[in-house]
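Asker: For reference, the structure I am asking about is given below.
2 protein chains.
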Amino acid sequence: MAFTIGELGKATGTKVETIRYYERIGLLAKPERTSGNYRSYGEAELGRLSFIRRARDLGFPLDRVRALLSLSDDRTRDCAMVDALARDHLAEVERKIADLTALRSELSALLDSCEGGTVGDCRIIEALAPPATSGETL
Amino acid sequence: MAFTIGELGKATGTKVETIRYYERIGLLAKPERTSGNYRSYGEAELGRLSFIRRARDLGFPLDRVRALLSLSDDRTRDCAMVDALARDHLAEVERKIADLTALRSELSALLDSCEGGTVGDCRIIEALAPPATSGETL
DNA sequence: CCTTGACCCTGTAGTTGCTACAGGGTGCAT
DNA sequence: ATGCACCCTGTAGCAACTACAGGGTCAAGG
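Quick note, the sequences are listed as chains A and B, same order. For the first sequence, position 6 matches number 6 in the numbering used here, and the numbering has no gaps at all. So the mapping is simple: the numbering used here equals the position in the second sequence, first residue as 1, plus 1000.
What follows is the structure in C-alpha cells.
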C-alpha cells in the first residue's frame, strides 16, 4: 500500500520528474519519506495524481487543475464553479479548433498552389514573401 | 528608407523585443547601427521580417521558419523541400485539430452530465476522480 | 562481503517563443 | 535645459515540463 515515486509514476502514466515537479509547485503535498529518504506514497496521493493527470489530459492548464482540486475538496459547495471552469475551458478549446481550422485551409490552399519547379517559382515561398511593393510607405 | 526598430515593428506587427529576440537567435542578421547606436533597417530586413511573421502566423515553429528562409534564399533549388515542410506542418495542424476535437466531445459530454447540486454529486469531479477501486474517499 | 544495476535524491539548466523589467543613453521639441 | 518618447543591454519570467550532473540506497548474485 506504499508506493515509491517510480511506482506512482507507472500507475498514473507520469514521469518521475513530473511528480517531483508537481510537488515543487505545491500541486502535490510533500509525501512521507522512508528511512532512506525515498518518497513514500499511499492511495490518497495516487488518487490525487490520477485526478491531476485526467484533468491535464483534458487540456486543463495547471492553475485550473489547482482550482478543480480545491473545489473537489469541499464536497458541499455548489458545483456551479466547477461547471464554469469546464465551460470556460471548452470555449477555449473551441476557439483553438477554429483557429487551427482556418490555418489548415490556408495551408492546404498554399500546398495546392505548389506545382513543383524551383524555389524561385514556388507559390508557397511567394505567399510568404512580402507584397512586392518596392516604394513602400511606412 | 531606413527604419528604426520601432518603425520596423509597427510595419510588421512585431514587438520591438521580439525583433531583438529574433536577432539574438540569429533569425535576423545584426543590422547596421546609427551613430547613436540605434539599429537601422532597410527594405531587405522589412521583407525578411514580414516573411517570418507570415510563416509564424501560419503556425510554423521558428526552426521551420529558419528552414523556409534558407530554402527561399536559393531560388534555383527544387521546391520539393518547401513543399515537404509545409506538408509536415499541415499534418501536424491536422493532428492537433483531431486531438482538440476529441477533447471537445469529452468536455461537452462532461458538461452535459452536470445537473447542478453540490460538488459531492458533480459528475465532472466524479469523472476526473480515479476509478473507485476500494472504499475510497476523495 | 562485495559489487552491480536499478532505482532514488537534490539542484540546476534547458526547451519554445516570446515578454517584461531595470537601469541607463539618444534625439527632438519646447 | 528639460521633458518625453524612443532606443540600448542584460537578465529574469511565463507554461509545463524534461534532462542532466553528481551523488545515495537497496535487493540480488557471485
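Ideal placement from N, C-alpha and C gives every residue a C-beta, glycine not left out. Values in this document were obtained by computation on a predicted structure and should not be read as measured data.
1. Go through its chain and collect everything with a Cβ distance to Met1/A's Cβ below 8 Å, but skip five positions before and after it.
2. Which of the three DSSP states is assigned to Phe3/A in this structure?
3. Please name the residue or residues paired with Tyr1041/B in a DSSP beta bridge.
4. Please work out which residues of its chain come closer than 8 Å, Cβ to Cβ, to Arg1056/B, disregarding the five sequence neighbours upstream and downstream, and give them in chain order.
5. Could you list which residues in chain A have their beta carbon closer than 9 Å to that of Thr1076/B, in chain order?
6. Please classify Asp1074/B: does DSSP put it in a helix, a strand, or coil?
7. Report the option in Val1119/B, Arg1048/B, Phe1060/B and Glu1032/B whose CA atom is closest to the CA atom of Glu106/A.
8. Would you give the residue range spanned by the alpha helix (DSSP H) that Asp121/A belongs to?
9. How long is the line joining the alpha carbons of Glu32/A and Thr4/A, rounded to whole angstroms?
10. At the 9 Å Cβ level, is Lys10/A part of the contact set with chain B, yes or no?
11. Please list the residues of the segment 27-49 of chain A that have a C-beta atom closer than 8 Å to any C-beta atom in chain B, keeping them in chain order.
12. Consider the Cβ of Gly59/A: report whether some Cβ of chain B lies at a distance smaller than 9 Å.
13. Any beta-carbon of chain A closer than 9 Å to the one on Val1082/B?
14. Note down, in chain order, every chain A residue with its Cβ under 8 Å from the Cβ of Ile1005/B.
15. Using DSSP's beta-bridge definition, name the partner residues of Arg33/A.
16. If you compare alpha carbons, which of Met81/A, Lys10/A and Arg48/A is closest to Thr1118/B?
17. Show which residues of chain A have a CB atom less than 8 Å away from the CB atom of Glu1106/B.
18. Residues in the same chain with beta-carbon distance under 6 Å from Ser50/A, minus the five sequence neighbours each way, listed in chain order, please.
19. Mapping the DSSP letters down to three states, classify Ile52/A as helix, strand or coil.
20. According to DSSP, simplified to helix, strand and coil, what is Lys1096/B?
21. Given this structure, state the Cα-to-Cα distance separating Leu1085/B from Asp99/A, to the nearest angstrom.
22. Let me make sure I understand the geometry here. Which of Glu1126/B, Gly1047/B, Asn1037/B and Arg1024/B has the alpha-carbon closest to that of Ser1072/B?
23. Which same chain residues end up closer than 6 Å to Ile52/A when comparing Cβ atoms and leaving out the 5 residues on each side of it in sequence?
24. Please state whether the Cβ-Cβ distance between Leu1111/B and Asp83/A is less than 9 Å.
25. Spatial neighbours of Ala1067/B within its chain, please: CB distance less than 7 Å, with the 5 preceding and 5 following residues excluded, ordered by chain position.
26. Pick helix, strand or coil for Gly26/A, following the three-state DSSP scheme.
27. Answer yes or no: do Thr1076/B and Gly120/A have a C-beta to C-beta separation smaller than 9 Å?
Answerer: The answer reads as follows:
1. For this step, residue 1/A is matched to residue 1 along the first sequence. So the qualifying residues of the chain are Gly42 and Glu43.
2. Here residue 3/A refers to the residue found at position 3 of the first sequence. Reduced to three states, the DSSP call for Phe3/A is strand.
3. By 1-based counting over the second sequence, the position of residue 1041/B is 41. Tyr1041/B is bridged to Phe1003/B.
4. Within the second sequence, numbered from 1, the residue matching residue 1056/B stands at position 56. Only Leu1062 and Val1065 meet the Cβ criterion.
5. On the second sequence, residue 1076/B is found 76 positions in, with the first residue counted as 1. By Cβ distance, chain A contributes Thr118, Val119 and Gly120.
6. Numbered from its first residue, the second sequence carries residue 1074/B at position 74. Asp1074/B: coil per DSSP, three-state reduction.
7. Start at 1 with the first residue of the first sequence, and residue 106/A comes out as number 106. Nearest of Val1119/B, Arg1048/B, Phe1060/B and Glu1032/B to Glu106/A, Cα basis: Phe1060/B.
8. On the first sequence, position 121 is the one that residue 121/A refers to. Taken as a continuous stretch (DSSP letters only), Asp121/A belongs to no alpha helix (DSSP H), as it is neither H nor E.
9. Stepping through the first sequence from its first residue, residue 32/A is reached at position 32. Stepping through the first sequence from its first residue, residue 4/A is reached at position 4. Near 10 Å, if we compare the C-alpha coordinates of Thr4/A and Glu32/A.
10. Sequence index remark: in the first sequence, residue 10/A carries index 10 (1-based). Chain B, which has no Cβ nearer than 9 Å to the Cβ of Lys10/A, makes this no.
11. Glu43, Ala44, Leu46, Gly47 and Arg48
12. Position 59 of the first sequence, counting from 1, holds the residue named residue 59/A. Taking Cβ atoms only, chain B reaches closer than 9 Å to Gly59/A, which makes this a yes.
13. Here residue 1082/B refers to the residue found at position 82 of the second sequence. Yes - at least one Cβ of chain A is within 9 Å of the one on Val1082/B.
14. Translated into positions along the second sequence, residue 1005/B becomes position 5. By Cβ distance, chain A contributes nothing, its closest Cβ being about 13 Å from Ile1005/B, past 8 Å.
15. Against the first sequence, residue 33/A aligns to sequence position 33. Arg33/A is bridged to Arg39/A.
16. Within the second sequence, the letter at position 118 stands for residue 1118/B. Among Met81/A, Lys10/A and Arg48/A, the Cα nearest to that of Thr1118/B belongs to Met81/A.
17. In the second sequence, residue 1106/B corresponds to position 106, counting from 1. The answer, in chain order, is Leu58.
18. Sequence index remark: in the first sequence, residue 50/A carries index 50 (1-based). Same-chain partners within the cutoff: Thr12.
19. Residue mapping note: residue 52/A aligns to position 52 of the first sequence, counting from 1. In the structure shown, Ile52/A sits in a helix (DSSP, three-state: H, G or I).
20. In the second sequence, the residue the question calls residue 1096/B occupies position 96. The answer is helix: DSSP assigns Lys1096/B an H, G or I state.
21. One-based indexing of the second sequence puts residue 1085/B at position 85. One-based indexing of the first sequence puts residue 99/A at position 99. Cα to Cα, Leu1085/B sits roughly 20 Å from Asp99/A.
22. What you label residue 1072/B is simply residue 72 of the second sequence in a count that begins at 1. For Ser1072/B, the nearest C-alpha among the options comes from Gly1047/B.
23. Here residue 52/A refers to the residue found at position 52 of the first sequence. The answer, listed in chain order, is Val65.
24. Within the second sequence, residue 1111/B is the residue found at index 111, counting from 1. Within the first sequence, residue 83/A is the residue found at index 83, counting from 1. Their beta carbons are under 9 Å apart, which means Leu1111/B touches Asp83/A by this criterion.
25. By 1-based counting over the second sequence, the position of residue 1067/B is 67. So the qualifying residues of the chain are Leu1085.
26. Taking the first sequence and counting its residues from 1, one reaches residue 26/A at position 26. DSSP places Gly26/A in coil when its eight states are reduced to three.
27. Taking the second sequence and counting its residues from 1, one reaches residue 1076/B at position 76. Taking the first sequence and counting its residues from 1, one reaches residue 120/A at position 120. For Thr1076/B and Gly120/A, yes; Cβs fall inside 9 Å.
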